[in-house]
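S.K.:
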Amino acid sequence: MTHSGTKSKGNVLTNVHKRLFLEYKKGEMGYATIAIIGQSCLGSAAVMVLLMGALDTAVQMTLLFFVTIFCMAFNGAVLAQLKPLTTFNILILSVLFSMGVILMYLA
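All letters in the sequence shown, in the order written, are residues 15 to 121 by the working numbering.
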């Protein structure tokens, strides 16, 4: 409730993030395992599409570096058993970046 007595809806994106995170946290071990496989495959597809494109080599290698680093960051976060919120946020970053690279080249 806000000071005016009405319910605050909040940001839709924040609510979605919170619901997804709570679900992830409930079954963290299983979801982390599945997410490693899924985001690694998505990262591999992003790298394949990236290397098939006709971009300047420096730009191509920079994007390749970031796709690889984000995928490795999530894998490392799971292995290091970081806090669930940190791991979940790195997963989202990795998936969104890989999807962005794929969509950029397919569009």
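All C-beta atoms, glycine included, are put in the ideal place defined by N, C-alpha and C.
Comparing the CB of A72 with every heavy atom of the ligand COA, is any distance shorter than 7 angstroms?
M.R.: The ligand content of the structure shown is nil, which means the ligand COA is not present either.
S.K.: Is the Cβ-Cβ distance between L120 and V63 less than 8 angstroms?
M.R.: Yes; because the gap between Cβ atoms is below 8 angstroms, this pair is in contact.
S.K.: Let me confirm a value: V30 is counted as buried when at least 16 other C-beta atoms fall within 10 Å, else exposed. Which label applies?
M.R.: V30 is exposed by the Cβ-count criterion.
S.K.: Just tell me which of T100, T47 and S108 has its CA closest to the CA of C85.
M.R.: Per the Cα distances, S108.
S.K.: Nearest to T82 by CA position, among P98, L69 and L65, is which residue?
M.R.: It is L65 whose Cα lies nearest to the Cα of T82.
S.K.: How many Å lie between K32 and K39 at the Cα?
M.R.: Whole-angstrom Cα-Cα distance: 10 angstroms.
S.K.: Could you give the residue range of the alpha helix (DSSP H) that holds N25?
M.R.: Neither: N25 is in no alpha helix (DSSP H) and is coded neither H nor E.
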